[in-house]
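Asks: These protein sequence lines are chains A and B, in that order.
At position 293 of the first sequence the residue is numbered 293 (our numbering), and the sequence of numbers has no breaks.
Quick note, our numbering runs 1000 ahead of the 1-based positions in the second sequence.
All C-beta atoms, glycine included, are put in the ideal place defined by N, C-alpha and C.
Note that the coordinates shown come from a computational prediction; the quantities given were computed from them, not determined experimentally.
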Amino acid sequence: MKLTVWTYEGPPHVGAMRVATGMKGLHYVLHAPQGDTYADLLFTMIERRNHRPPVTYTTFQARDLGSDTAHLFKDACQEAYDRFKPEAIIVGASCTAELIQDDPAGLAETMGLPCPVIPLELPSYSRKENFGADETFFQIVRALAKPMDRSERVSVNILGGTALGFRHRDDIQEITALLYDLGIEVNVAAPLDATPSDITRMGAAHFNVLLYPETGEAAARWCEKNLNQPYTKVIPLGTNATRDFIKEVCDLAGIEPEIDESRLRMPWWSRSVDSTYLTGKRVFIFGDGSHVKTATRIAREEMGFEVAGIGCYNREFARDIRALGKEIGVEALITDDYLEVEQTIEALQPEMILGTQMERHIGKRLGIPCAVISAPVHVQDFPARYSPQMGFEGANVIFDTWIHPLVMGLEEHLLHMFRDDFEFHDAAGPSHHGGHAPKPMDRPEETVVETPAPEGSDVMVWLVDAEKELKKIPFFVRGKAKRNTEKFAADQGVTEISVDTLYEAKAHYAR
Amino acid sequence: MNDHTPITTGCRETPVLKERGQREVFCGLTGIIWLHRKMQDAFFLVVGSRTCAHLLQSAAGVMIFAEPRFGTAILEEKDLAGLADAHTELDREVAKLLSRRPDIKQLFLVGSCPSEVIKLDLARAAERLTVDHAPHVRVLNYSGSGIETTFTQGEDACLASMVPVLPETDARELLLVGALPDVVEDQAIDLLTQMGIGPIRTLPAARAADEVGIGGNTVFALLQPFLGDTHAALERRGARHIPAPFPFGEAGTTAWLRAVALEFGVDEATFERVTAAPRARALKAIAAQSAELQGKSVFFFPDSQLEVPLARFLTRECGMTAVEVGTPYLHTRLVGPDLDLIEQGPTISEGQDVDLQLDRCRAARPDITVCGLGLANPLEAEGLTTKWAIELVFTPVHFYEQASDLAGLFSRPVRRREVLSL
Chain A
1 MKLTVWTYEG PPHVGAMRVA TGMKGLHYVL HAPQGDTYAD LLFTMIERRN
51 HRPPVTYTTF QARDLGSDTA HLFKDACQEA YDRFKPEAII VGASCTAELI
101 QDDPAGLAET MGLPCPVIPL ELPSYSRKEN FGADETFFQI VRALAKPMDR
151 SERVSVNILG GTALGFRHRD DIQEITALLY DLGIEVNVAA PLDATPSDIT
201 RMGAAHFNVL LYPETGEAAA RWCEKNLNQP YTKVIPLGTN ATRDFIKEVC
251 DLAGIEPEID ESRLRMPWWS RSVDSTYLTG KRVFIFGDGS HVKTATRIAR
301 EEMGFEVAGI GCYNREFARD IRALGKEIGV EALITDDYLE VEQTIEALQP
351 EMILGTQMER HIGKRLGIPC AVISAPVHVQ DFPARYSPQM GFEGANVIFD
401 TWIHPLVMGL EEHLLHMFRD DFEFHDAAGP SHHGGHAPKP MDRPEETVVE
451 TPAPEGSDVM VWLVDAEKEL KKIPFFVRGK AKRNTEKFAA DQGVTEISVD
501 TLYEAKAHYA R
Chain B
1001 MNDHTPITTG CRETPVLKER GQREVFCGLT GIIWLHRKMQ DAFFLVVGSR
1051 TCAHLLQSAA GVMIFAEPRF GTAILEEKDL AGLADAHTEL DREVAKLLSR
1101 RPDIKQLFLV GSCPSEVIKL DLARAAERLT VDHAPHVRVL NYSGSGIETT
1151 FTQGEDACLA SMVPVLPETD ARELLLVGAL PDVVEDQAID LLTQMGIGPI
1201 RTLPAARAAD EVGIGGNTVF ALLQPFLGDT HAALERRGAR HIPAPFPFGE
1251 AGTTAWLRAV ALEFGVDEAT FERVTAAPRA RALKAIAAQS AELQGKSVFF
1301 FPDSQLEVPL ARFLTRECGM TAVEVGTPYL HTRLVGPDLD LIEQGPTISE
1351 GQDVDLQLDR CRAARPDITV CGLGLANPLE AEGLTTKWAI ELVFTPVHFY
1401 EQASDLAGLF SRPVRRREVL SL
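1) For Ala1239 (chain B), which option in B:Leu1107, B:Thr1149, B:Glu1024, B:Thr1169 has the closest C-alpha, if you only look at C-alpha atoms?
2) Using the rule of at least 16 other Cβ atoms within 10 Å of the residue's Cβ for burial, across every protein chain shown, is Ala1059 (chain B) buried or exposed?
3) What does a CB cutoff of less than 6 Å around Ser1297 (chain B) pick up in its chain, not counting 5 residues either side in sequence?
4) Cutting at 6 Å between CB atoms, please list the residues of its own chain near Gln357 (chain A), excluding the five before and the five after it.
5) Contact defined as beta carbons within less than 8 Å: I believe Thr215 (chain A) pairs with Gly160 (chain A). What is the distance between those atoms, to the nearest angstrom?
6) Can you round the beta-carbon distance between Val14 (chain A) and His1054 (chain B) to whole angstroms, since I take them to be within the 8 Å contact cut?
7) For His508 (chain A), count the other beta carbons within 10 Å of its own beta carbon; 16 or more makes it buried, fewer makes it exposed. Which is it?
8) Anything in chain B within Cβ reach of Arg48 (chain A), meaning under 7 Å, just list it in chain order.
9) Grab me the residues of Ala437 (chain A)'s own chain with a C-beta within less than 7 Å of its C-beta, minus the 5 sequence neighbours each way, in chain order.
10) What residue range is occupied by the uninterrupted alpha helix (DSSP H) comprising Val1184 (chain B)?
11) Is Pro1102 (chain B) close to chain A? Criterion is C-beta to C-beta, closer than 8 Å.
12) Determine which residues of the region 2-28 of chain A have a Cβ less than 9 Å from any Cβ of chain B, and write them out in chain order.
13) If you compare alpha carbons, which of A:Cys77, A:Thr4, A:Ala76 is closest to Gln1057 (chain B)?
14) Cβ of His433 (chain A) less than 8 Å from any chain B Cβ?
15) Kindly indicate which three-state DSSP category Ala332 (chain A) falls into: helix, strand or coil?
16) Rounded to the nearest angstrom, what separates Met45 (chain A) and Glu1272 (chain B) at their Cα positions?
17) Determine whether the Cβ of Ser126 (chain A) lies closer than 8 Å to any Cβ atom of chain B.
18) Measure from the alpha carbon of Ala1011 (chain B) to the alpha carbon of each residue in B:Leu1159, B:Gly1336, B:Ala1389, then state which is nearest.
19) Given this structure, state the Cα-to-Cα distance separating Cys1158 (chain B) from Ala1280 (chain B), to the nearest angstrom.
20) Rounded to the nearest angstrom, what separates Gly1082 (chain B) and Asn1141 (chain B) at their Cα positions?
21) Going along the region 44-70 of chain A in order, which residues come within less than 9 Å of chain B, judged by CB to CB distance?
22) Anything in the region 1026-1042 of chain B with a Cβ closer than 9 Å to a Cβ of chain A? List those residues in chain order, please.
23) Does any residue of chain B have a CB that is nearer than 8 Å to the CB of Asp40 (chain A)?
24) Nearest-angstrom Cα distance between Leu1017 (chain B) and Ala1251 (chain B)?
25) For the beta strand (DSSP E) containing Thr1369 (chain B), name the first residue and the last one.
26) Let me know if Lys146 (chain A) comes out buried or exposed under the rule of 16 or more other beta-carbons within 10 Å of its beta-carbon.
27) With a 10 Å radius around its C-beta and 16 neighbouring C-beta atoms as the bar for buried, classify Val448 (chain A) as buried or exposed.
28) Are three or more beta carbon pairs between the region 305-321 of chain A and the region 280-297 of chain A nearer than 8 Å?
29) Indicate the three-state DSSP secondary structure (helix, strand or coil) for Phe392 (chain A) in the structure shown.
30) Who are the Cβ neighbours of Arg1416 (chain B) in its own chain at under 7 Å, not counting the five residues just before and after it?
31) Out of curiosity, what's the CA-to-CA distance linking Ser67 (chain A) and Arg1412 (chain B)?
32) Threshold first: 3 residues or longer. Then list the beta strand (DSSP E) segments lying entirely within the region 320-384 of chain A, N to C.
33) Can you list the residues of chain A that Leu1373 (chain B) reaches, using a CB-CB cut of under 7 Å?
34) Examine chain D for any beta-carbon lying closer than 8 Å to the beta-carbon of Gly1082 (chain B), and answer yes or no.
35) Going by CA-CA distance only, name the one from B:Met1039, B:Ala1364, B:Leu1341 that's closest to Pro1181 (chain B).
36) Would you mind telling me which residues of chain A sit closer than 7 Å to Leu1075 (chain B), beta carbon to beta carbon, in chain order?
So, in structure tokens, the structure goes:
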């Protein structure tokens, strides 16, 4: 048992729902107790879908436990077929049904339904949501895709997009357009918006573009082996990765890359002088493995940030993230416990966090700016406007999104200049939060009494003057200054921090 | 005060449409979300699966980031192997939790579908842990599993688990049962106190130390219609129920107060003096809010068991007609007074087969459909106006001062549909 409040991932059957809801013409019959329908609202509310997820729940109750539940399952299966007439059905059990001894796969097979029935084995007590999506899509592809003649023109399948995916809708549109510009057609994009009959013609593509390894890698591997379709390894997230992706795709297609960068503004924005202040900003990056890997590259190569720490919550990518951590010289944090993430962030005191919905709240608590780069996300990260993360437009979007929570150069300069001004002092609060006027800057006489550190202890004490001086440092770099000073003092064996210590430390760390 | 004209047109005798099938409802674990806010020194520990944790997270929204006093002990593969081990694991997690949160005085072990199916004996665990952690923490248990409870029934199961361990008393006291927002509870107590009724206790109390006694002289009034098991548990302790319509709207609140006033022998003049001003306020405010609702039809999908009293409010005080009133469970003993006040006509349904009910709803094309979040947007996309039901459980809607807010919750979607031209 493990005590949890927040979970980064849902159970695996939610992953299966993400595939089923993403697709059209597919129905999911889920052996589950009353209440598991809560997951419907993830799709109808967070993703704002205008239809019910294509899922039929058997809704067994306590009084049904015994032999009755098998009949419930068969009835639900038959009724779902009769009502929705899907092209294919997937069947499986939620965590509770996994414990009772019905066998959804066996039961559904004996029913002789006039459409393919694909059984799912999703171990709820050892795996999670992303595994559920990956495995479900893999089983669907395995059951339906067949080798066939290649299309006349070069075409690809785009793999991995699902319902409830972070920016999947726009990423797929962006990459489809990018491929079209290169003269490559999209045969099937799946699971998002594909039908089971689309899956049957996946074999016509020359190769596969794997956008989301978390939810499409098992299927991509199967296609490689059984349909002789190689798949792309570069995820086109960020300017450089998009360029690499174009090269990889063109190599696979046997064509000369012609890159149209006319709408790519990100590199100039990042080189322009106003971005100089971004140099060396210390960022902590957390999320799913793929988005963390790509964000790390963007942060280092394209934004000029210093990556202070990285981590991911999906164990499937632990090895990759650890290797990347070693490569860039930081400890990789592999955990699904948000308290550990919070502790790490507190210890690192980064100037910015790139993470999930959860890190946004950690950032809010610690007063550290944060931008969201990965699921799980809340409703505001399923925006109405076009906002891909991938491709060149994605790079533009990422630049804007990441720097928005930071204070830009000119503003930072002004804050320095006017830090004692009544409008810009500490307690004034951010100007873009309406509803409160700047608080008056009353400066009561200092009444703090210095308490000297006990002899021989390594307790750190900030003397009143030093503390005052620290407060003159703008709030968004103060955490870093405090941390550096304390580290410097500890290294020097100093237990009382004076104004001098503060400036010695500043000189020490100056670059 | 003596006007007891029976309303012969009521729905109490209407045959109930009972359905079984797929249910689009929450399980009882959801009750934790509002119960933990009310009971300030209680912690709710669900023993369940990742699904349970995910449900709580989805239901709690941003509350999850505010150090809430609930959590899930997620069962892992090794816990399923042998039961003895599961109890040791649970003890360890509880000890860890209680050492981290010394402010906790009551711990609820909340059963889930997985823990019920593997027959993990949480009652025994609660007894054992109570001994281990006495006298600081009392450990109780109840089931919030989907196989046994629907949504608000979780509160019922929780309160019912507390009743047997409440102290004995002979005092004649009024007990108000059901967790309401503090502001509403204060209003109710204030009105009753002005009539000279007292002492007044509440279940649940804000803190374990404030807990009430129960005995043969206790009389209790329910604030919520979904408290069937708690009602039964209180009667087993000898307490007596004051039947009344539930306090929604001006008429509902007045009828509820009147039933309590009668029990305590309050005279008509006093009752009038105390209620006249808030009644007038409520009537005026409802009239303003319910203009859009006059003559419109409403369809209730089952959700919280609040459906019957709300249908009574909307039909009698806002001029609506009810097409179907669906409820997960129909406790006729509790909502009978409300059923009496609903004019014959609507289908009263208990339970659900969601696809069949959706067919009925589409055929009826009601002006407002009250349903859960899983159905609301899909029905809006089909051109129906919806009001999502969960809000009715979290928002202060009981008693006089909230009557117009309650009407407003229903009139706002109607007004929005009229105002948008897209």
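Replies: In short, the structure shows the following:
1) The residue with the shortest Cα to Cα distance from Ala1239 (chain B) is B:Thr1169.
2) Burial is judged here by how many other beta carbons sit within 10 angstroms of a residue's own beta carbon; Ala1059 (chain B) has at least 16 and is buried.
3) Excluding positions up to five away in sequence, the list reads Thr1321, Val1323, Pro1366, Asp1367.
4) Cβ neighbours of Gln357 (chain A) beyond the five flanking positions: Pro376, Val377, His378.
5) Thr215 (chain A) to Gly160 (chain A), Cβ: 5 Å. Contact.
6) Confirmed, Cβ separation roughly 7 Å.
7) Answer is exposed; the Cβ neighbour count stays below 16.
8) Residues of chain B whose Cβ lies closer than 7 Å to the Cβ of Arg48 (chain A) are, in chain order, Asn1377.
9) At Ala437 (chain A), the pLDDT of 45 sits below 50, so the modelled position is not reliable and the matter cannot be decided from this model.
10) Val1184 (chain B): member of the alpha helix (DSSP H) spanning 1182-1194, first to last residue.
11) It does not: the Cβ of Pro1102 (chain B) has no partner Cβ on chain A nearer than 8 Å.
12) Correct list: Lys2, Leu3, Thr4, Val5, Trp6, Thr7, Glu9, Gly10, Pro11, Pro12, His13, Val14.
13) It is A:Thr4 whose Cα lies nearest to the Cα of Gln1057 (chain B).
14) The predicted position of His433 (chain A) is uncertain, since its pLDDT is 44 and thus under 50; a value taken from the coordinates is nonetheless stated next. No Cβ of chain B is located within less than 8 Å of the beta carbon of His433 (chain A).
15) Annotated three-state conformation of Ala332 (chain A) is strand, per DSSP.
16) When rounded, the distance between both Cα atoms is 46 Å.
17) When Cβ-Cβ separations below 8 Å define contact, Ser126 (chain A) makes contact with chain B.
18) One point to set straight first is that residue 1011 (chain B) is Cys, not Ala, in the sequence displayed. For Cys1011 (chain B), the nearest C-alpha among the options comes from B:Gly1336.
19) Taking the straight line from one Cα to the other gives about 37 Å.
20) One C-alpha to the other measures close to 21 Å.
21) Listed by position along the chain: Thr44, Met45, Ile46, Arg48, Arg49, Asn50, His51, Arg52, Pro53, Thr56, Tyr57, Thr58, Thr59, Phe60, Gln61, Ala62, Arg63, Asp64, Leu65.
22) Here the close residues are Phe1026, Cys1027, Gly1028, Leu1029, Thr1030.
23) Taking Cβ atoms only, chain B reaches closer than 8 Å to Asp40 (chain A), which makes this a yes.
24) Within the model, the alpha-carbon separation for Leu1017 (chain B) versus Ala1251 (chain B) is close to 28 Å.
25) 1368-1371 is the span of the beta strand (DSSP E), which, as asked, contains Thr1369 (chain B).
26) By the 10 Å Cβ count, Lys146 (chain A) comes out exposed.
27) Any reading at Val448 (chain A) must be qualified, since the residue scores a pLDDT of 46, below 50, and its modelled position is unreliable; the value itself is stated next. Around the beta carbon of Val448 (chain A), fewer than 16 other beta carbons sit within 10 angstroms, so the residue counts as exposed.
28) Enough Cβ pairs lie closer than 8 Å, so yes.
29) Note: Phe392 (chain A) maps to helix in three-state DSSP.
30) The beta carbon of Arg1416 (chain B) sits closer than 7 Å to none of the beta carbons in its chain outside the five residues before and after it.
31) If you draw a straight line from the Cα of Ser67 (chain A) to the Cα of Arg1412 (chain B), it is about 47 Å long.
32) Within the region 320-384 of chain A, the complete beta strand (DSSP E) runs of at least 3 residues are 332-334, 352-355, 370-372.
33) Those within 7 Å of Leu1373 (chain B) in chain A are Leu41, Thr44, Met45.
34) Protein chains in the displayed structure are A and B, and chain D is not among them.
35) Measuring C-alpha to C-alpha distances from Pro1181 (chain B) to each of B:Met1039, B:Ala1364, B:Leu1341 identifies B:Met1039 as the nearest.
36) Within chain A, the C-beta atoms nearer than 7 Å to that of Leu1075 (chain B) come from Met1, Tyr125, in chain order.
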